[in-house]
Amino acid sequence: VDKNSQRLTIAIQKSGRLSKESIALLQACGFKFSLHEARLLAHSSNQPVDLLRVRDDDIPGLVMDGVVDLGLVGENVLEEVRLERKATQLACDVQRLRALDFGQCRLSIAVPKEEAYNGIQDLDGKRIATTYPYLLQNYLQDRGVSANNAILTGSVEVAPRAGLADAVCDLVSTGATLEANGLVEKEVIFRSQAQLIQRPEPLSAAKQAIVDQLLPRIDGVQMARE
Ligand code: PRP
Ligand code: ZN
Ligand code: MG
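Residue numbers for the sequence shown follow the UniProt record's numbering, so the first one is 3 and each next one is one higher.
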């Protein structure tokens, strides 16, 4: 990505729950893209706008570092990365432009259905598998619980059966993944939806003009489908 480019760069999730709706929203706002599966970067054919398709976990950092101008990302990932970068003294500011009407999910603690559960204190001294260690530790600390993390980058839901952990802290949308793995949701620790974020430093006048045009279009698209 050329930082001095006059083209507005928007990072979106390459493949996952937000991908389709992110592209659909930008198209509904009038941007035309031809997407090639293999390519990371997609140029708009009718606006000076480029899409960068990356892992969702990378989007907040790219925006916070000003490598890209805008990002569409879940609040869950945004907040986890913010906490992680704050703890490691990396830039962690962003501008939140809009809450978007898709990507609703919650980050929850779940335990195997055969385990008794009488409250969060039952997790004291236990091991919890998660890809969200900062959000989880914040929640536990506030409640005086000290548990151990098993930090996984995926397949968190199989950790209890595999003997890697006593509980999980993972995203829940329909609940099908928990159900399929014999897990029961016990604590909702964070509620999330997609967000449009912007890098902290001001944009060039040309890029700002595109954003000024984009925001009312997003509002219009979202209003129309309410
Ligand atoms: C989340 C989570 C579960 C699934 C839950 O993964 O890790 O696997 O969604 O959804 P459900 O309640 O509808 O079954 P996600 O799709 O965000 O992908 P990731 O784990 O690769 O980030
Ligand atoms: Zn992810
Ligand atoms: Mg998953």
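C-beta atoms are modelled at their ideal positions from N, C-alpha and C, and glycine is treated no differently.
- If you check the CB distance, Val147 and Leu125 come in under 9 Å.
- For Ile111, DSSP records a beta bridge to Cys171, Glu189.
- Those residues having their beta-carbon less than 5 Å away from any non-hydrogen atom of ligand 1 are, in chain order, Arg19, Asp172, Leu173, Val174, Ser175, Thr176, Gly177, Ala178, Thr179.
- Cα atoms of Gly68 and Lys209: separation of roughly 13 Å, rounded to the nearest angstrom.
- The Cβ neighbour count for Arg84, taken over all protein chains shown within 10 Å, is at least 16; the residue is labelled buried.
- For secondary structure counted as the alpha helix (DSSP H) over 4 or more consecutive residues, the stretch 53-115 holds these complete runs in sequence order: 61-66, 77-89.
- In chain order, Asp58 place their CB closer than 7 Å to the CB of Gly18, counting only its own chain and leaving out the 5 sequence neighbours on each side.
- In the three-state DSSP reduction, Leu20 falls in the coil class, being neither helix nor strand.
- Fewer than three Cβ pairs drawn from the stretch 115-135 and the stretch 33-45 lie within less than 8 Å of each other, which leaves the two stretches out of contact.
- By the C-beta density criterion, Gln91 is exposed, having fewer than 16 other C-beta atoms within 10 angstroms.
- Taking one beta carbon from each stretch, the stretch 217-225 and the stretch 97-106 have 3 or more pairs nearer than 8 Å; the two touch.
- Distance from the CA of Cys94 to the CA of Ala182, rounded to the nearest whole angstrom, comes to 36 Å.
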